[in-house]
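K.L.:
The sequence shown begins at 1 in full-length UniProt numbering and counts up by one.
For every residue, glycine included, the Cβ atom is placed at its ideal position computed from N, Cα and C.
Structure in structure tokens, see below.
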Amino acid sequence: MRIVCVVRHSFFKTTGRPCAVKCFNSVSYGRPLEVQQREFEVLRKLKHRNIVQLIAIEEESSSRVRVIVTEFCGEGSLYTLLSQPENSRGLPEPDFLTFLFDISDAMKYLRANGFVHRDLKPGNILKTVDETGRTVFKLTDFGAARPLQDDEMFRTLCGTEEFLHPEIFARAVLQKNKGQSFRATADLWSIGVTIYQVATGRLPFQPYGGPRRDRETMFRIATKKGKGVISGVQTEKNGHIIWSRQLPNTCELSGLAEFQEEIASKTDVRASEQQFFLKSRPFNPDPLQTLSSWTHTDAKEPLVLVTSMDDNSRAYTVPSVGEIPEFPYRPSLQEDAENAKEIMFVVHKIRRASCQLRDVVALRWTAVECVVHSLRADFESLMSHVNGLRFLKSALDAASRTVCHLQDVSCNGPPDGHGSSDERSPLGHPATSPPVHTSSQFTQLEKEYDDMMAIMLLLEGRLEGDEAFRLPLPSTDTLSDLQTTLSRIQHMEEEISKIHQEFQRQRKEARLAYHDDKIHSLARERIRVEAEKARSVYLKECSSIFQQAWTKTSIIMKRCVEYQAEIKEALRLVDVWISQATSCLEELKKIYVAIEKQWGLQHCVTNWNILSYVQQADAYASLEKADRSKMSSSSANEEEEKHKQRRKHSADRKALQQR
Numbered sequence: 001m002r003i004v005c006v007v008r009h010s011f012f013k014t015t016g017r018p019c020a021v022k023c024f025n026s027v028s029y030g031r032p033l034e035v036q037q038r039e040f041e042v043l044r045k046l047k048h049r050n051i052v053q054l055i056a057i058e059e060e061s062s063s064r065v066r067v068i069v070t071e072f073c074g075e076g077s078l079y080t081l082l083s084q085p086e087n088s089r090g091l092p093e094p095d096f097l098t099f100l101f102d103i104s105d106a107m108k109y110l111r112a113n114g115f116v117h118r119d120l121k122p123g124n125i126l127k128t129v130d131e132t133g134r135t136v137f138k139l140t141d142f143g144a145a146r147p148l149q150d151d152e153m154f155r156t157l158c159g160t161e162e163f164l165h166p167e168i169f170a171r172a173v174l175q176k177n178k179g180q181s182f183r184a185t186a187d188l189w190s191i192g193v194t195i196y197q198v199a200t201g202r203l204p205f206q207p208y209g210g211p212r213r214d215r216e217t218m219f220r221i222a223t224k225k226g227k228g229v230i231s232g233v234q235t236e237k238n239g240h241i242i243w244s245r246q247l248p249n250t251c252e253l254s255g256l257a258e259f260q261e262e263i264a265s266k267t268d269v270r271a272s273e274q275q276f277f278l279k280s281r282p283f284n285p286d287p288l289q290t291l292s293s294w295t296h297t298d299a300k301e302p303l304v305l306v307t308s309m310d311d312n313s314r315a316y317t318v319p320s321v322g323e324i325p326e327f328p329y330r331p332s333l334q335e336d337a338e339n340a341k342e343i344m345f346v347v348h349k350i351r352r353a354s355c356q357l358r359d360v361v362a363l364r365w366t367a368v369e370c371v372v373h374s375l376r377a378d379f380e381s382l383m384s385h386v387n388g389l390r391f392l393k394s395a396l397d398a399a400s401r402t403v404c405h406l407q408d409v410s411c412n413g414p415p416d417g418h419g420s421s422d423e424r425s426p427l428g429h430p431a432t433s434p435p436v437h438t439s440s441q442f443t444q445l446e447k448e449y450d451d452m453m454a455i456m457l458l459l460e461g462r463l464e465g466d467e468a469f470r471l472p473l474p475s476t477d478t479l480s481d482l483q484t485t486l487s488r489i490q491h492m493e494e495e496i497s498k499i500h501q502e503f504q505r506q507r508k509e510a511r512l513a514y515h516d517d518k519i520h521s522l523a524r525e526r527i528r529v530e531a532e533k534a535r536s537v538y539l540k541e542c543s544s545i546f547q548q549a550w551t552k553t554s555i556i557m558k559r560c561v562e563y564q565a566e567i568k569e570a571l572r573l574v575d576v577w578i579s580q581a582t583s584c585l586e587e588l589k590k591i592y593v594a595i596e597k598q599w600g601l602q603h604c605v606t607n608w609n610i611l612s613y614v615q616q617a618d619a620y621a622s623l624e625k626a627d628r629s630k631m632s633s634s635s636a637n638e639e640e641e642k643h644k645q646r647r648k649h650s651a652d653r654k655a656l657q658q659r
């Protein structure tokens, strides 16, 4: 518990590479030689990404004192990070998750190699950035570490009060239970307290006045807590303990329950109404496909989920940032420094909320652009089917005229003596007479075709004339305005940070000189004015721009829903018409084949190309229907295959037209 060393920022003479040098003081040499050598041996044996790496063990040229040279972690310790105003309520969620994974890996490595740390705390966890730009947290200070297997015990008292296991705290601080031994699981308590502090910015167990002012209450809180309780705070002297099983509301993390509620509120959409997009393309994953086989997503290219329902029912609440704290009437260096820190935290929260609104708008426009592109693609596909339907209609007309012509010829009797006079009929041979419903069905098909083409032409005119679907979408202006307001807030945050840093420096002084005191009073007023200005920019300008963007995108999404419904109905009509046209083609083919059999192949050989035309038109109808069924189940991974099929279909159409 005593300071036995000092760590200096140093450089290699030959390369200029930064490093950290741990120099031991006279107190350290009062320890047994075995204890002094233990840290050297531990560091030599540990090699892990999340443990500070040993570079060398050297001796000072003058004193011959041994020093430890390790890698340099330039971002500081977790204790320093938590002292910054923006982290006074805990680390942001991305940094916290990185810390949690890194320290978990480090602790697993220690136990796998049979070591205990025995002094885990934020001050002994360093933050650095690796060569790829990723944040890495590393465990350091192995002065209290030693080899210890799971079935072994230790008696040495070491560590920091606030992070000690209750049994070690009782013996080391309260002088109780003398002679008691401890297991390696003591590290688990320390890492639990550390995780809570990193998540919330404060210790989980706090007696009134602080842990070191009332150690008995501190011990009572840590040992008397109920099952599932994660914190206990005493707010007044000799008062009752406020227990909690949940993280405080000020915590920056998302709890599992809140996460599930948020997901439920935003994706309460039936499967039939879900539309996924990945990299601006429709994405329909196989339900049996594992998540690990999906394309990698990140904040810049997320998986986008939109609903085919009316988008007006879904709103977004602008994040609350709270009020700007007031300074006490009488200036006080200590209280002013604390208030400046609280103001700095609120302004930092304003800046983060502004960034959040900007990111939400960017993602919102991304989703809208995905939907518009998909809608236009569906409409273009519909129009290509309309062109195909025109060809199919021409095929039906040609087949109908041919069959009618042959029926007229059949009324004049069989040529060259084929057949008998009894077979003659004003309507032709009974076997060749068309069913009564064929003519009426063809007439109905013509009427439905005309109605369908009118609907599609009207839809085409509306869609092409709608400004909401003219690409590119007007997202750049909105994002530019939000970025401008964010830059203003960042500038105010920088000015407030300068005043905050000066107040933190002044709190160490007993009193200020006359002129410095006057400047301090003016700074108290200026920091509040700048903070209120930042809050006003956020609430009046940034929020207003965001609401306008949200309304505009909601209107576009609503129109998309309407157009999608119309396209879906048009495609349904196409399917129905293709089915009826196919049925009519079958009837015409039956009549044609019957005439061929009745009058012989020689009579119909000149019209054989007509039968081929009918058969190919029928095949084209089946092809169009199959292509329609694939439209709704396409995915990003099948886009290339779809393009190949469409090119093949286009070639088939050209070949049929040439015939």
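Considering just the uninterrupted stretch of the beta strand (DSSP E) at residue 137, what are its terminal residues?
P.N.:
Reading the sequence shown from its first residue, position 137 is the one you call residue 137. Segment 135-139, the beta strand (DSSP E) holding residue 137.
K.L.:
Taking all protein chains shown into account, do 16 or more other C-beta atoms lie within 10 angstroms of the C-beta of residue 426, making it buried, or fewer, making it exposed?
P.N.:
Within the sequence shown, residue 426 is the residue found at index 426, counting from 1. Any reading at residue 426 must be qualified, since the residue scores a pLDDT of 33, below 50, and its modelled position is unreliable; the value itself is stated next. That one is exposed.
K.L.:
Does the structure place the stretch 7-22 close enough to the stretch 128-138 that three or more beta carbon pairs sit under 8 Å?
P.N.:
Counting Cβ pairs under 8 Å, fewer than three are found: no touch.
K.L.:
Go to residue 17, then tell me how far its alpha helix (DSSP H) extends in each direction, as first and last residue.
P.N.:
Position 17 of the sequence shown, counted from the start, is the residue given in the question as residue 17. It is not in any alpha helix (DSSP H) - residue 17 carries neither H nor E in the DSSP assignment.
K.L.:
Do residue 347 and residue 252 count as a contact pair if the criterion is CB distance below 8 Å?
P.N.:
As a working note, residue 252 is residue 252 in the sequence shown. As a working note, residue 347 is residue 347 in the sequence shown. No, the pair does not count as a contact, with Cβ atoms beyond the cut-off.
K.L.:
Return yes when the Cβ of residue 53 is within less than 8 Å of the Cβ of residue 45, no when it is not.
P.N.:
Here the question's residue 45 lines up with position 45 in the sequence shown. Here the question's residue 53 lines up with position 53 in the sequence shown. No. Outside cutoff.
K.L.:
Give me, in chain order, the residues of the same chain whose beta-carbon lies closer than 6 Å to that of residue 318; leave out the 5 immediate sequence neighbours on both sides.
P.N.:
Position 318 of the sequence shown, counted from the first residue, corresponds to residue 318. Excluding positions up to five away in sequence, the list reads 543.
K.L.:
Just to confirm, are residue 205 and residue 222 a CB contact at a threshold of 8 Å?
P.N.:
Indexing the sequence shown from 1 puts residue 205 at position 205. Indexing the sequence shown from 1 puts residue 222 at position 222. Cβ atoms of residue 205 and residue 222: closer than 8 Å.
K.L.:
Below 8 Å, can you find three or more Cβ-Cβ pairs linking the stretch 523-538 to the stretch 481-499?
P.N.:
The answer is yes - the stretch 481-499 touches the stretch 523-538, with three or more Cβ pairs under 8 Å.
K.L.:
Cutting at 6 Å between CB atoms, please list the residues of its own chain near residue 8, excluding the five before and the five after it.
P.N.:
Numbered from its first residue, the sequence shown carries residue 8 at position 8. Contacts found: 21.
K.L.:
Between residue 164 and residue 519, what straight-line distance do the alpha-carbon atoms span, to the nearest angstrom?
P.N.:
Residue mapping note: residue 164 aligns to position 164 of the sequence shown, counting from 1. Residue mapping note: residue 519 aligns to position 519 of the sequence shown, counting from 1. For residue 164 and residue 519, the distance between alpha carbons rounds to 44 Å.
K.L.:
What is the residue span of the alpha helix (DSSP H) that residue 159 lies within?
P.N.:
Reading the sequence shown from its first residue, position 159 is the one you call residue 159. Taken as a continuous stretch (DSSP letters only), residue 159 belongs to no alpha helix (DSSP H), as it is neither H nor E.
K.L.:
What residues in its chain sit with their C-beta under 7 Å from that of residue 551, if we drop five residues either side in the sequence?
P.N.:
Here residue 551 corresponds to residue number 551 of the sequence shown, with the count starting at 1. Result list for residue 551: empty, nothing under 7 Å.
K.L.:
Quick check on the burial criterion: 16 or more other C-beta atoms within 10 angstroms. Buried or exposed for residue 238?
P.N.:
In the sequence shown, the residue the question calls residue 238 occupies position 238. Exposed, by the Cβ-count rule.
K.L.:
How many Å lie between residue 116 and residue 161 at the Cα?
P.N.:
On the sequence shown, residue 116 is found 116 positions in, with the first residue counted as 1. On the sequence shown, residue 161 is found 161 positions in, with the first residue counted as 1. Roughly 17 Å separates the two Cα atoms.
K.L.:
Assuming contact is defined by CB atoms lying nearer than 8 Å, are residue 91 and residue 99 in contact in what I supplied?
P.N.:
Position 91 of the sequence shown holds residue 91. Position 99 of the sequence shown holds residue 99. Taking 8 Å as the Cβ cut-off, residue 91 and residue 99 qualify as a contacting pair.
K.L.:
Using 8 Å for Cβ pairs, my map puts residue 170 next to residue 158. What's the rounded Cβ distance?
P.N.:
Residue numbering aside, residue 170 sits at position 170 when the sequence shown is read from its first letter. Residue numbering aside, residue 158 sits at position 158 when the sequence shown is read from its first letter. Residue 170 to residue 158, Cβ: 15 Å. No contact.
K.L.:
Determine the DSSP secondary structure at residue 5, reduced to helix, strand or coil.
P.N.:
For the purposes of this step, residue 5 is identified with residue 5 of the sequence shown, where counting begins at 1. It is a strand residue.
K.L.:
Tell me the DSSP secondary structure of residue 220 in three-state form.
P.N.:
Along the sequence shown, one-based indexing puts residue 220 at 220. In the structure shown, residue 220 sits in a helix (DSSP, three-state: H, G or I).
K.L.:
Give the secondary structure of residue 10 by DSSP, where H, G and I count as helix, E and B as strand, and everything else as coil.
P.N.:
Position 10 of the sequence shown, counting from 1, holds the residue named residue 10. Three-state DSSP puts residue 10 in a strand.
K.L.:
Which partner residues does residue 489 have in the DSSP bridge list?
P.N.:
Within the sequence shown, numbered from 1, the residue matching residue 489 stands at position 489. Bridge partners of residue 489: none, in fact.
K.L.:
Here's a check: name, in chain order, each residue in its chain whose Cβ is nearer than 6 Å to the Cβ of residue 430, leaving out the five neighbours to either side.
P.N.:
If you number the sequence shown from 1, residue 430 lands on position 430. For residue 430, the pLDDT reaches just 40, beneath the cut-off of 50, and the residue's location in the model is therefore unreliable, leaving the point undetermined.
K.L.:
How many angstroms separate the CA atom of residue 16 from the CA atom of residue 316?
P.N.:
Walking along the sequence shown from the start, residue 16 turns up at place 16. Walking along the sequence shown from the start, residue 316 turns up at place 316. The straight-line gap from Cα to Cα measures roughly 52 Å.
K.L.:
According to DSSP, is residue 58 helix, strand or coil?
P.N.:
Translated into positions along the sequence shown, residue 58 becomes position 58. Here residue 58 sits in strand by DSSP.
K.L.:
Name the residue from 573, 382, 351 and 557 whose alpha carbon lies nearest to the alpha carbon of residue 485.
P.N.:
For the purposes of this step, residue 485 is taken as residue 485 along the sequence shown, with counting starting at 1. For residue 485, the nearest C-alpha among the options comes from 351.
K.L.:
With a 10 Å radius around its C-beta and 16 neighbouring C-beta atoms as the bar for buried, classify residue 369 as buried or exposed.
P.N.:
The residue labelled residue 369 in the question sits at position 369 within the sequence shown. Looking at its Cβ environment, which holds 16 or more other Cβ atoms inside 10 Å, residue 369 is buried.
K.L.:
Here's the rule I'm using: 16 or more other beta-carbon atoms within 10 Å means buried, otherwise exposed. How should residue 593 be labelled?
P.N.:
Stepping through the sequence shown from its first residue, residue 593 is reached at position 593. The residue is exposed, with fewer than 16 neighbouring Cβ atoms inside 10 Å.
K.L.:
Going by alpha carbons, who is nearest to residue 553 out of 499, 473, 505 and 585?
P.N.:
As a position in the sequence shown, residue 553 is number 553, starting the count at 1. Cα-wise, what sits closest to residue 553 is 473.
K.L.:
Using the Cα positions of residue 692 and residue 324, report the straight-line distance between them to the nearest angstrom.
P.N.:
Residue 692 lies beyond the stretch modelled for the chain, which goes from 1 to 659, so this question has no answer here.
K.L.:
Can you give me the C-alpha to C-alpha distance between residue 419 and residue 580, rounded to a whole angstrom?
P.N.:
Start at 1 with the first residue of the sequence shown, and residue 419 comes out as number 419. Start at 1 with the first residue of the sequence shown, and residue 580 comes out as number 580. Low confidence applies here, because residue 419 scores a pLDDT of 46, under 50, leaving its location unreliable; read the following figure in that light. Spanning the two alpha carbons is a distance of roughly 35 Å.
K.L.:
Extract the residue ranges of the beta strand (DSSP E) inside the stretch 291-363, only unbroken runs of 3 or more that lie entirely within it.
P.N.:
Taking only runs of at least 3 residues, the beta strand (DSSP E) segments lying wholly in the stretch 291-363 are 304-307.
K.L.:
Quick one, are the C-beta atoms of residue 245 and residue 232 less than 8 Å apart?
P.N.:
Translated into the one-based positions of the sequence shown, residue 245 becomes position 245. Translated into the one-based positions of the sequence shown, residue 232 becomes position 232. For residue 245 and residue 232, no; Cβs fall outside 8 Å.
K.L.:
Confirm, please, whether the CB-CB distance from residue 303 to residue 278 is below 8 Å.
P.N.:
On the sequence shown, position 278 is the one that residue 278 refers to. On the sequence shown, position 303 is the one that residue 303 refers to. Closer than 8 Å, so yes.
K.L.:
Could you pull out every residue in the same chain whose Cβ sits closer than 7 Å to the Cβ of residue 393, ignoring the five residues on either side in sequence?
P.N.:
In the sequence shown, counting from the first residue as 1, residue 393 sits at position 393. Counting only Cβ-Cβ distances below 7 Å, and skipping sequence neighbours, we find 449.
K.L.:
When the Cα atoms are used, what is the spatial distance from residue 192 to residue 240?
P.N.:
For the purposes of this step, residue 192 is identified with residue 192 of the sequence shown, where counting begins at 1. For the purposes of this step, residue 240 is identified with residue 240 of the sequence shown, where counting begins at 1. Whole-angstrom Cα-Cα distance: 24 Å.
K.L.:
Taking a contact to mean a Cβ-Cβ separation below 8 Å, would you say residue 496 touches residue 525 in this structure?
P.N.:
Locating residue 496 in the sequence shown gives position 496, counting from the first residue. Locating residue 525 in the sequence shown gives position 525, counting from the first residue. Contact: no.
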